[in-house]
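Which chain is which? The protein sequence lines are A and B, in order. Going by this note's numbering, the first residue of the first sequence is number 126, and it counts up by one from there. Going by this note's numbering, the first residue of the second sequence is number 266, and it counts up by one from there. Beta carbons: idealized from backbone N, C-alpha and C, even for Gly. Only one structure is covered here, and it is reproduced in the block below.
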Amino acid sequence: MKLAAIIRFEMAYQLKRLATWLFFAVVGVVCFLLARENFLADAMYDDFYLNAPFVIAVISVFGCLIWLLAAAPIAGEAAARDVQTGMYALIYTLPISKGQYLVGRFIAAFLTNAIILLGVLAGIMLAVYLPGVDAKAIGPFRAVAYWHAYGVVCLPNAFIATALQFSLSALAGRTRASYAGSLILFFFAYIISILVSFPLGQPELGKLVDPVGVVIIVSSITFGWTPAEKSTRLMDVSGILLWNRLLWTGIGVLLLVITHWRFRFAHRVPARRWWHRWLFPAAKEALADAPVSVLTSPISRPAIAPAFGTRDRLRQLWGLSFDAFLSLAKSRAGWIVWGAILFLTVSITLINLDLDGVPLIPRTDYLVLHYAAPLTNPYSPWILLPLLIIYYAAELVWREREAGISELVDTAPLPEWLLFASKCLALALVLAVLMSLMVVAAILVQLFNGYHAFEIGLLIQAFLGLRLVEYLLFGVLILVIQVVVNQKYIGLLCSLLAYSIIAFSSIFGIEHHLLLYGTSPAWNYSQMRGYGGSLKPWVWFTIYWASWALVLSIAARLLWVRGKDQRWRTRWRMVWQRLSGNTGPALIMAAGFMLAMGGYLFFETVIVNQYASKNDDLQRRADYENKFSHFANKPRPTLTAMKLQVDLFPEQHSAEVHGVYQLVNQTSVAIDSLHLFVPPQVDRRRLNTSIKRRYAVWDGRFPYSIYVLEKPLQPGDTMQLEFVSQHWVNGFTNNGVSQLVTGNGTMLTDELLPAIGYQSKPELLAPGERRRYGLPERPVIPSLEGYEAAPYQEGIQKVQVDATLSTVAGQVAVTKGELQKHWTKGNREFYHYVTESPIPNSLAFYSARYAMKEKMWQGIAIQLYYHPGHTINVERILLSAQASLQEYSEQFGPYPYKVLKVLEHPGLGIGMHSESGLVTSSEGFTLFNPGMDNRGMDLPYAVVAHEMGHQWWGGQLPYASVQGAPVLSEGLAWYSAMGVVEATKGSEALWSLRRFMRQPYPFPPIKMGVPLLQAMDPWQAYRKGPFAFYALQEYIGRPAVSTALRQLLQKHAGGKPPLATTLDLYRELQAVTPDSLQYLLHDLFAANSFWELKTEQVDAKSLPDGQWQLSLAVKARKFVIDPSGKETDVPMNDWIELGAFDGERPVEKGAPYLYLQRHRIHSGSQQVVVTVPRKPVWAGIDPRYLLIDLKTDDNTKAVGMVKP
Amino acid sequence: MNLDISNISKTYANGVQALNDINLQIPPGMYGLLGPNGAGKSTLMRILATLQEPDHGSVRLGDIDVLKQKDEVRKTIGYLPQEFGVYPKAKAIDLLDHFALLKGFTRRTERKQVVEALLRQTNLWEVRQQKLGGFSGGMKQRFGVAVALLGNPRLMIVDEPTAGLDPAERVRFLNLLSELGEQSVVILSTHIVEDVSELCTRMAIIDKGSILLEAEPLRAMRDLRGRIWKRIIPKEALPEIERMYAVISTKLLAGRTVVQVYSEVPPGADFEPVEPNLEDVYFSTMAGHIGKGPKRASREVKP
């Protein structure tokens, strides 16, 4: 009875509070927005329902995260309100037991939280059923989907979080301690679990330690389920999910038991434990009053008068700020925060300092971009920083009032601006410490890695300069919110809301930085190009937002609450009173300045640099397609040669291109008009055609012009097109400044050259977008069969290029082709390049202060252009490129050019790119430090070999962009690279590489899907494809596979339609595969087959002749999986290797194998007996993992010995 | 310099009229504001201390408009609120130093002198290095006085300072205040009559937002001479007495009931005259016999 009364009272109390319903509303609104803005688009794209069980489950997880951060006061209040308010003396003396009290309060808090979490379901239902959703995206209503998610995700989370928050608050006797509980759980869910999953490589453990379900639900379902499953399947409450829920519920119960044990119905005497005495030795508890006589001495004070001059005000400002700063910085919590941030930053970086397992050099430019992410990026651990700012700002604003000295401070002769400014300055000091910790962490990471090329100036500039300002602008906003709202918890909520709007602005449809407080086009830094002009827009926007901050600060000063009367009526009256004096003019000036800056930025980004919102852009692209796509099949002349004069002006960030195109009518009809795709950089007035044109048609909104020729271009005839194209940086846009041409590190792509005929590049691809803009539906990628049947096929234009590049003295200008001549004129350098044979039409022009290293191989010059100082991988790249040339020339056919250029360009991306005769990589590639890789493999070496592969697969074999295209390019390129690694580094290195490729990241295996011939997904292209080629190679021999590939190349090298598809590849492979293995070719390429091979038992006994008899009990299964995930067993009788070896683990091939032979293996269990020459240690089925078997660790087993 | 309070009214959002057309002229010296709990004392004190806005009226301190020139007022007042907290982890000397900075002592060396003098004055010098969290109520109160005294205020506003002090602390504290009264205007609000009678040269009695009586304590007592009578009665007789006489107070004295009545003429033989003290002034005022409170017909005994 008493228990029920306690629960009832507490529930009634909580449900009557406004805050409770605010939390409910926040959770509901966030879930609504998530569903509408995030999942609606995905649902349309991916063809699952908006109200699919999967969507409901994932949104529930995020709803729980928001609830966790916002609703901590519920449990805190229930647990510690009595102590905090002093009510405890009345409660503890009532005839109730400690158990009843704690259990009652806990249950009430838990139920209240459960009610708040119903907001998740309410938000989702509103998102589904309020108007504005395409009816196609809504599936039938299933109540069970909602209750299942609520029961599996929300309720256990509510229990776990409430238990932790409640325990901490009850034991600490402070309501606020519940926030620590929230932070701990958030920390586990976001940081620890992701750390455990990825850097430590324990994904299962990661799923277990995640108390909220972010990893377990979001990652496994989002990436593991097919669309059909996503729409219908409920999560199985079994396996790791069940264990996770049980584990954390158990932890929750344990916490409650501990709380019951430690909690006392007693007056709280500050307990001092040993560590507390050690930390704070000076504090004494009880004080004896000093001996005092009843009579006091006459008042005699030094004749010092207070002073209120400007300097005195500044001293007061500093004194106040520093005192407030110390209160945050020197407190126990402060030290813990500093220590934790430093420790976590350093340790996370040290753990994470690799890519695909290859150690990275902690170069300063890398750390600068990875630490303290900008506010607009919530998907990083640095979300902690804005959250800390929100917390600290609240503490600062409420410091005096919470300590009860506000009346003393409020009556002190201090102007309001000084009080507010002191909060800002204190926050700035806190941020300065946080940013200094970033600097220290960066230096520590470099020291631990033995990297000594410190760039402390850059670190200070980036963190204590740029990031500090960005965070401080945000901090001022949060301070203003707290002052204006004047209610701490509602202020915290509003702050979180403000942060979410900034961080998830795209969800709210806010794109322009003019509208999004504190944001600006992001700056970037690279060693090659420095800031590359990206600071200029940053500075302008930051000044603009600083003037906003000033206006807001003045508003805060006007609304600053002093004294008891906090009604809005009084505050308004005070505003008018306070506007007297300098404040009014200051406000007008600040607002005027803000408007002037805003006006300038509007002019710059919207009018001068025509701003288009995302929707405007999509609309324009849709209009383009509607208006011009019917010209796609119109006969057009072919571009056969181009002569370009490209003048680069790095210092002015500008370039000018003069070009002449040679156009030939290769069709069989006369062409009466020339259709051109004209980028805005091309000056239409300076376009000239050698055949006079009668008139031209164009619409300024589209990059499309039609020139009607006076005299049609007859079949076989030629005409010229002359053009001038100019690139210059005209101020900046909402996205920042163009970095195509910068002081050092120009990378000017061919997007400023005109193209012939209708170009499909701008067309919308996503089905949802196409639907929205009324474009006809069509598959994202044409089907394989459709291509072969299509009447019209676009070929790859190959073009002869003659390009003269000029750049500023001291820089090298590079493009495709062979350098004919280099000369200097005045202070400019000229480079004349000509391609020795036509190349696919795709160009880019580079210029930088490059260092160059050259290596000759059989008359082919391998030239590496790199940023001086980025030397770590120079030799490796050259060696790999040379080995690749050697290997591929032998296997697939000659390299078609005399020069191979490998070139570094600015940017911290890690990838490489390969086109005819030119392999490019961004600066990030020079972070790789494979020398420190302890896996016995050299991934960058293999990556270069892969890119070299593209010189054949893509470069020489143009392929049709239809299904299976990535298998032709990426699959063959990786297969080729495996050959280079084996030929130059040995079979052990190949084994390591294949082991790396079997790992689930970066490409987790996707079982359900189409056969390899139609595959589009990265796992099939980058992993399964190369495995299939390699397996085939091991079964039918390398020469056979190479023959097939050589044939494929020869038949399609011209680039004339029809282009190569995987079906052509398959035909060539069929031609070289013996009949006995055609089944295998089919299984690998034409069906989505998987094998499950297992060795159950291996026994050996020695034979009298010194040999050993080995009997293997193996089990086999082969099955296919269709795209919806349905498995069908296929009876098998396949040739599969059985092997025995005298080492501890399988190896690629070679001496350790005592036995390696193919046997016929049928489905199910079977026994095979073989004889081997020496004593075997390990043995099993498919020991080299040739077939597609996702579980390889049961293929082999240690050999058991049987006494003869 | 005088403090002139004219026509101050204040009504709270919940309809409670805290102050109703208050007019007071307060000269230098100790001024007592006496009234029961909830009379509006603290509201008035906060208005004087710039922490609250009245609905009507004006307050002038010398030539400063207290309601409009808040910054100027704050330079000249010292305020000791009824309740205040401290940073429990801060040392007395550090927090006082902090407040001295806020009050405009911006030079470190001068500030040190000021702080030392005040700590000695308030007898906190010995405990200056102790954390404020360990201070007793009296020590904390004295710390508050030290804060209020910073900057030689010409107007001291002291709100219910003696509530919760033990007798010795209270004496000590009142002594400190009386020293102050020699130099500036000190307004002391209290519901303890002795505080006023022991200290103040002038006083006002306030109830339900109105000033009932404004007087000098000594004269008020003198004026009441011959009108206060007392009688020792059995407890059961109280209702009867209350019906017949204007009882202003009832006390127990060693277990017996003593009633005091207000009467301009001797109420009867059973009553003996009493030399009026300030408490009698207070109760007579509250009962409406003197001052501006709602007049109550003094129940003359009709023999």
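query: Kindly indicate if chain B contains any beta-carbon less than 8 Å away from that of A/GLY688.; result: yes
query: Mind checking whether B/ILE476 and B/ALA469 have CB atoms under 8 Å apart?; result: yes
query: Going by DSSP, what residues sit across from B/SER475 in a beta bridge?; result: B/ASP472
query: Have a look at A/VAL1255 and A/ASP1063 and give me their C-alpha separation to the nearest angstrom.; result: 38 Å
query: Under 8 Å between C-beta atoms, does B/PRO346 make it to chain A?; result: yes
query: If distances are taken between C-alpha atoms only, which option among B/LYS500, B/GLU434, B/PRO531 comes closest to B/LEU517?; result: B/LYS500
query: What does the Cβ neighbour count give for B/MET426, buried or exposed, with the cut at 16 atoms within 10 Å?; result: It is Pro, not Met, that sits at residue 426 of chain B in the sequence shown. Buried.
query: Residues of chain B with CB under 8 Å from A/PHE433, in chain order?; result: LYS340, GLY369
query: Check the Cβ-Cβ distances between B/THR315 and every residue of chain A, and say whether any is below 8 Å.; result: yes
query: Can you name the residues of chain B whose CB is closer than 8 Å to the CB of A/ASP448?; result: HIS363
query: Would you please verify whether the beta carbon of B/ALA428 is less than 8 Å from any beta carbon of chain A?; result: no
query: Mind listing which residues of the stretch 309-333 of chain B have their C-beta closer than 8 Å to chain A's C-betas, in chain order?; result: ARG311, ALA314, THR315, LEU316, GLN317, GLU318, LYS333
query: Buried or exposed: where does A/HIS1287 fall if 16 or more other Cβ atoms within 10 Å of its Cβ makes it buried?; result: exposed
query: If you run the structure through DSSP and keep just helix, strand and coil, what is A/LEU890?; result: coil
query: Along the chain, where does the beta strand (DSSP E) that runs through B/VAL530 open and close?; result: That residue, B/VAL530, is in no beta strand (DSSP E); it is neither H nor E in DSSP.
query: Closest to A/GLY1162 by C-alpha separation, out of A/LYS1176, A/THR1198, A/MET1133, A/LYS1181, would be which residue?; result: A/THR1198
query: Taking 8 Å as the threshold (C-beta atoms), are A/THR667 and A/PHE857 in contact?; result: no
query: Does the structure place the stretch 770-780 of chain A close enough to the stretch 789-805 of chain A that three or more beta carbon pairs sit under 8 Å?; result: no
query: If you measure between the beta carbons of A/PHE388 and A/LEU296, is that distance less than 8 Å?; result: yes
query: Identify which residue in A/GLN1172, A/LYS613, A/ILE713 has its Cα closest to the Cα of A/GLU520.; result: A/LYS613
query: Taking A/THR210 as the query, report the chain B residues whose CB atoms sit under 9 Å from its CB, ordered along the chain.; result: None at all; the shortest Cβ gap to chain B is about 14 Å.
query: Would you please state the rounded distance, in angstroms, between the beta carbons of A/LEU293 and A/SER303? I believe it to be under 8 Å.; result: 6 Å
query: For a contact defined as C-beta to C-beta under 8 Å, what are the partners of B/ASP336 on chain A?; result: PRO538, PRO540
query: List, in order along the chain, the chain A residues whose C-beta lies closer than 8 Å to that of B/PHE536?; result: Within chain A, no residue comes near B/PHE536; the closest Cβ sits about 38 Å away, beyond 8 Å.
query: Who are A/ASN1258's beta bridge partners in DSSP?; result: A/HIS1287
query: At the level of alpha carbons, what is the spacing between A/GLU354 and A/SER1249?; result: 7 Å
query: Take the Cβ of A/ALA411 as the centre, count every other Cβ of all protein chains shown within 10 Å, and call the residue buried at 16 or more, exposed below.; result: With a pLDDT of 45 at A/ALA411, under the threshold of 50, the modelled position of this residue cannot be trusted, and the question is left open.
query: Could you confirm whether any beta carbon from chain A is found closer than 8 Å to the beta carbon of B/VAL226?; result: A query on residue 226 of chain B cannot be resolved here, the shown segment of chain B reaching from 266 to 568 and no further.
query: Would you kindly work out how many angstroms separate the C-alpha atoms of B/GLY280 and A/LEU194, rounded to a whole number?; result: 39 Å
query: With DSSP as the reference, label B/GLY553 as helix, strand or coil.; result: coil
query: Excluding sequence positions up to five away, which residues of its chain have a Cβ less than 8 Å from the Cβ of A/GLN139?; result: THR145, ILE199, GLU202, ALA203, ALA233, ALA234, THR237
query: Hey, how far is the Cα of A/GLY600 from the Cα of B/GLU381?; result: 38 Å
query: Just the Cα atoms here: how many angstroms apart are A/HIS852 and A/LEU968?; result: 16 Å
query: Can you give me the Cβ contacts of B/PRO531 inside the same chain, cut-off strictly under 8 Å, excluding the 5 residues immediately before and after it?; result: TRP494, PRO538
query: Use the C-beta contact count for A/ALA407: other C-beta atoms within 10 angstroms, 16 or more gives buried, fewer gives exposed.; result: Confidence at A/ALA407 is low in this model, with a pLDDT of 44, below 50, so its placement is unreliable and the value that follows should be read with caution. Classification of A/ALA407: exposed, given that the 10 Å Cβ count is below 16.
query: List, in chain order, every chain E residue whose beta-carbon is nearer than 8 Å to that of A/ILE429.; result: Absent from the structure: chain E. Protein chains present are A and B.
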